[in-house]
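Read through the structure below, which is laid out as C-alpha cells, and then see the notes.
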Amino acid sequence: MKRIQLFSICTVVCLFFSLLVLSGVTRISEVRAADSEVSAAKKIISVVYDDSGSMYDDNSSWSAANYAMQAFAALLNEKDEMYITYMSDVGYETEGAVDIDLSNVDSAVKWIREGEKVGHSGGTPMRSVQVAMDKLKSIQEDDPNTQFWLVILTDGAMSPDIDGYSDLQELLNDYAGTAMSNGSQVYINYMGIGSAAVNIQGDSAEGLDSVQAGTDIVSALSDIANRVSGRMEFTSNHISQTDGRTLQVHSDIPLYTISVFSQSSNAQVTGISSETDMTVERNIPLKYPEVDSSTSDTSLFGNAALITNGDKVIPSGDYTITFSEDISLENVVVMYQPAIEMRAEIKKDGIAVDDPHTLQDGEVIDIEIIPTDPESGDPISDSSLPEGITWKVSYSVDGQETDTAEGKILTGAEVGEGENQIRCTMQIPEYVPQVQTISFTLVTAPEYGIEVIQPDDSVYNRGNLGIDGSKGGSVIFWITGDGERISKEETQGLSLEPGNVSLDSSGVRGILNKIGFMNATPDIKQNDDGSYTLYPKSSLLPAFFLKNGNYTIAVDLEGEPAEGQDVSAQGSYTLQGNPSDWLGLVPLIILLLIVIYLIYIFCFKAKFEGQTLYIDVFAPAGSMGEGKKLSSQCTQAILKKYSGDLFLPKSACTRVIDGIRVIADGSGGAYIKKNTVLAYDAYGNSGANPEEFYEDIASGLKPVKGKEGDVPQIISLGSQAFYLKQKKRLYRITMK
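By this note's numbering, the letter at position 597 of the sequence shown is numbered 597, and the numbering carries on one by one without gaps.
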C-alpha cells in the first residue's frame, strides 16, 4: 500500500506540472495554409520554488517537488518558456528568475535534478513572488493565444517584505486578472504544502486558483490538475494493455500530443503505430535528487515520453504504444492534449457572413460555436467531445454586454455602432475555460463633401499635358468629413473619379487652333497630404488631335464608406494650341508612308511561292551526240517567299543564281528577262534528254548573236525545260 500511495503522490505531482504547462484545449481560429504548422498554444511559466530549510528538514517533500519539476520540464515544447525563481536566491539577493534552457530538454531536466540550486536553503521571502511575476510582465509576446502562468509552490508562510502589501493574499489579489503583453490575463496557481502554508483564498473569475495540500496531497494536486490542465488522462474504456510491453489507446478527437509517464520503472516508449506515422519525440529519464544532508524519496524514478505528429495534429483513431520493457498499467499514465478549435459562424437572415465588417448598425445576427479540427477545419461532433462540456456565447458593444446565451447558439444579437465583440467560451468541467473572441468596429460614416480649389488660370498647352503641365496652377480637391478636410489615411476605401466632361470651344481663335478630333482625357491623382489634383492626361497621339478650349469635369466621390451619399463637384482647365503642336505631323506622315509601303510589300509586290529552281549543266560526250551531266556544277535553290530583297523598292522579288537572274511574276511563277539571255550563245525549250540527245538539243536552240532583236523580253520558267547554251555547255533550267 505504501508503494502504491507513493506512486500516486508522484504521479499527481507530475500531472500537475505537466498538465499545467500543456494546458489550453483550444486556440483562437486563424486562417492557415494546408501545409502550415499546427500546434498547441505556447506557454510561458514562471515558477516560485520553495527551497527553504523546512522543505529539507526531516521529510522528503523537497525531493517530490524537485521530481515534479523534472517532469514539468520534460514535457515542455521547445517554443515554450520556463523560469524558476528559487526563494533562496531572492532571500540572499543573489539573482532573480532562472531561465530553463529548453533547446535540450534532457539537459534541462538533469540541471533541475543535479544543478547548483539543488540543496540550497533559505527563507520564504514574499518578494520571490514579485520577482517571478515581474519576469512574466517583462516578456513581450504578440500571439494572443500564448498563455502566461504564475505557479507558487511553498510549505510555509512568507515574509512580508514588499512595501504596500501586508501578506501574500493581498499581493495575489492584486496580481489576479493582470493583462500580459499579448492582452491575455495571467493564470495564478498557488499550492500550499503542509499545515504551515498560508491558506490563500482563490478567485476563479480572475484566474486565481489555490489548493491547500495537507495530509491528502493526492487529492489536493488532483484538484489543481483538473482546474488548469490542458491534457486529459485517457479513461479506462479508451486504454488497454494487450501484452507486457504494449498498450492500445483510442481517441475520438484529434490530438496535439500524447504524453506517457511510467513510474517506478525505467521503461521507455520505443514506438507508436497507427494509420498516421507519428514520432516519439523524446524519452526523458526522471529520478529523485540526492543531497547528503537531506532525506530523499528513493522510490521516485520513471520516464516521461512525448509523442507528436510533427507539425500536424494527430488524427483521431487507435494507437498502439510499445515499451522497452514490461510495464504495469497501474504504473503508467497516458494523457492527451485535445486539438480543438472554435469557429464562430455568423449568420444574417440565415445566410453566413464571411466578413463581419460588412455588417451595419442595427442589423440582427445569429452566432453559433462550431468545434473544429485545427488542421482540416472539419467540424467535430458533440458526441466525440469530452463529457460535460458547456458553451457560452456573448455579444458586447463598446465593452457593454448586450446579449448572451448558455449553449452554442446565440440568436438575435444586434450589431451596434462602436467596437463589437463576439466572445465564445468552451468550458470542460474543472479545466480552464477556453475563449475565442471576434472583434470588429462599426463607425457611422461622416457626411462627406468635396472642397474645390479652382485657380483663375489653370491653362495647359495641349502639347505638354500631365500633372505638372499647368501654367497657372492645378485644380485641387479635398474630401471633407463633416466639413473638415480628411487625411490620406482617412480616405482609405474612398476615391475621386472623373465623370462627365464638357468642352466650350467658343473662345478658341485661329484656324489651326480649332483643329482637333477628340477631347483630352481627365485624370485625378491623390497627393501625400490627402488632396487630389485634376489634370488632363498626356496622350500618345500628336497634340493637334486634341481639341482646344475650356474643359469642365465632373468629379464623383466613390467607395464603400460613402455608400448612400451622392457627393460630386466640378473643376475646369483650359487647353490651348501652339505652333509646335504641328511638329507631331512629321512623324505621323512618316508613319503613314511606312504603313503604305508595308501594305504594298505584303499585298502587291510580286513574291516567290517557295518553288525549287534547278540549273543542270551538260557537256558533249562521245561520238554519237550524247552528253554528260556535270553534277558538281549543278545548282538547286529554293525561292523563298520572304527573301532578302523583299523590302527593297522593286516591283518584284528577284534571285541571282549562278549568274541567272530569276524574277517572281506575282502569280506563283517566275521568269528571266531578255538581258539575261543575251549573255549566252543560244536559247530555247526542249523536252529531250540531254544525256542522250545533247547535239540535237544544242543544234535546235535559237542563236542569239546577230538576232538579238528576236529574243523575247520575258521568258517564263516552269516544269518544261528551258535551255541556255554557252560554248560547249548546255544549262537546263526547270522550276517545280
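Using N, Cα and C, we set each Cβ at its ideal position, and we do this for glycine too.
For Ile284 and Ile321, which I take to be in contact (beta-carbon distance under 8 angstroms), what is that distance rounded to the nearest angstrom? Wrong, their Cβ atoms sit about 16 angstroms apart, outside the cutoff.
At what residues does the alpha helix (DSSP H) containing Arg127 begin and finish? Under the DSSP assignment, Arg127 falls in the alpha helix (DSSP H) whose first and last residues are 127-138.
Between Gly577 and Ala543, what straight-line distance do the alpha-carbon atoms span, to the nearest angstrom? CA-to-CA, the gap between Gly577 and Ala543 works out to about 8 angstroms.
Residues near Gly700 in its chain [Cβ-Cβ closer than 8 angstroms; skip 5 each side]: Gly684, Ser686, listed in sequence order.
Tell me whether Ala352 is buried or exposed, calling it buried when 16 or more other Cβ atoms sit within 10 Å of its Cβ. Exposed.
Considering only their Cβ atoms, is the gap separating Met126 from Leu738 smaller than 9 angstroms? Since the first residue shown for the chain is 1 and the last is 736, residue 738 is missing from the structure and cannot be characterised.
So, are the CB atoms of Leu150 and Ser52 less than 9 angstroms apart? No. Outside cutoff.
Alpha carbon of Ser219 to alpha carbon of Glu406, nearest angstrom: Confidence at Ser219 is low in this model, with a pLDDT of 44, below 50, so the placement of that residue is unreliable and no value is reported for it.
Along the chain, where does the alpha helix (DSSP H) containing Val595 start, and where does it finish? DSSP places Val595 inside the alpha helix (DSSP H), whose first and last residues are 585-603.
Counting Cβ pairs closer than 8 angstroms, one from the segment 354-362 and one from the segment 313-330, do we hit at least three? At 8 angstroms Cβ cutoff, the stretches do not touch.
For the structure I just gave you, are there three or more beta carbon pairs, one from the segment 400-416 and one from the segment 521-537, closer than 8 angstroms? No contact exists between the segment 400-416 and the segment 521-537.
I'd like the span of the alpha helix (DSSP H) that includes Met69, first residue to last. For Met69, the enclosing alpha helix (DSSP H) has its first and last residue at 61-74.
Local Cβ density within 10 Å of Ser719, reported as buried at 16 or more and exposed below that: Classification of Ser719: exposed, given that the 10 Å Cβ count is below 16.
Please state whether the Cβ-Cβ distance between Lys117 and Tyr67 is less than 9 angstroms. Tyr67 is positioned such that its CB atom lies no closer than 9 angstroms to that of Lys117.
Output needed for Ser29: all residues of its chain with C-beta closer than 6 angstroms, excluding positions within five of it in sequence on either side, in chain order. The pLDDT assigned to Ser29 is 34, lower than 50, so where the model puts this residue is not dependable; a value taken from the coordinates is nonetheless given after this. Annotation for Ser29: Glu341, Arg343 place their beta carbon closer than 6 angstroms to its own, counting only its chain and skipping 5 residues before and after.
So, for Arg112: in the same chain, excluding its five sequence neighbours on each side, which residues have a beta-carbon less than 7 angstroms away from its beta-carbon? The question names Arg, yet the displayed sequence has Ile at residue 112. In the same chain as Ile112, and ignoring 5 residues on each side of it, the C-beta atoms closer than 7 angstroms to its own belong to Asn66, Met69, Gln70, Ala73, in chain order.
Mark Phe7 as exposed unless 16 or more other C-beta atoms lie within 10 angstroms of its C-beta, in which case mark it buried. Here Phe7 scores only 44 on pLDDT, less than 50, and its place in the model should not be relied on; the value that follows carries that caveat. Phe7 is buried by the Cβ-count criterion.
For the segment 615-627 against the segment 688-697, do three or more pairs of beta-carbon atoms, one drawn from each stretch, fall closer than 8 angstroms, so that the two count as touching? With contact defined as three or more Cβ pairs closer than 8 angstroms, the segment 615-627 and the segment 688-697 are in contact.
Who pairs with His238 in a beta bridge, going by DSSP? Per the DSSP secondary-structure output, His238 pairs with nothing in a beta bridge.
Is the segment 533-549 in contact with the segment 469-477, if contact means three or more CB pairs nearer than 8 angstroms? When C-beta atoms of the segment 533-549 are compared with those of the segment 469-477, three or more pairs fall below 8 angstroms, so the two segments count as touching.
Taking the Cβ atom as the reference point for each residue, do Ala670 and Lys605 lie within a distance shorter than 9 angstroms? In this structure, the beta-carbon distance from Ala670 to Lys605 does not fall below 9 angstroms.
Between Tyr395 and Ile422, how many whole angstroms is the CB-CB distance? I'm expecting something under 8 angstroms. About 6 angstroms separates the two Cβ atoms, so the contact holds.
Integer Cβ distance of Glu375 from Val313, believed to fall under 8 angstroms: The C-beta separation of Glu375 from Val313 comes to about 5 angstroms, placing the pair in contact by the 8 angstroms criterion.
To the nearest angstrom, report how far apart Gly96 and Val48 are at their CA atoms. CA-CA distance, Gly96 to Val48, rounds to 11 angstroms.
If we count the other Cβ atoms within 10 Å of its Cβ and call it buried at 16 or more, is Gly571 buried or exposed? Answer is buried; the Cβ neighbour count reaches 16.
Among all the DSSP beta bridges, which residues are the ones paired with Pro379? Pro379 has Thr372 as its beta-bridge partners, per DSSP.
Sort Ala179, Tyr190, Ala196 by Cα distance to Leu153 and report the nearest one. For the residues Ala179, Tyr190, Ala196, the minimum Cα distance to Leu153 belongs to Tyr190.
Check whether chain D comes within 9 angstroms of Glu368, counting only Cβ atoms and requiring the distance to be less than that. Looking for chain D here will not work: only one protein chain is present.
Minimum length 3: unbroken beta strand (DSSP E) runs contained in the segment 290-323: 301-308, 317-323, all fully within the segment 290-323.
According to DSSP, simplified to helix, strand and coil, what is Pro455? Taken through DSSP and simplified to helix, strand or coil, Pro455 comes out as coil.
Range of the contiguous alpha helix (DSSP H) that encloses Tyr175: 168-175 is the span of the alpha helix (DSSP H), which, as asked, contains Tyr175.
Taking Ser181 as the reference, give the member of Tyr175, Asp174, Gln140 with the closest Cα. The option with the nearest alpha carbon to Ser181 is Gln140.
Taking the straight line between their C-alpha atoms, what separation do you get for Thr178 and Val186? Those two C-alpha atoms are separated by around 6 angstroms.
How is Asp89 classed by DSSP in three states: helix, strand or coil? It is helical.
Selected residue, minimal CA-CA separation from Asp243, among Ser264, Phe323, Met82: Residue Phe323 is the option with its Cα nearest to Asp243.
Just to confirm, is the Cβ distance from Gly418 to Val435 under 9 angstroms? No; because the gap between Cβ atoms is not below 9 angstroms, this pair is not in contact.
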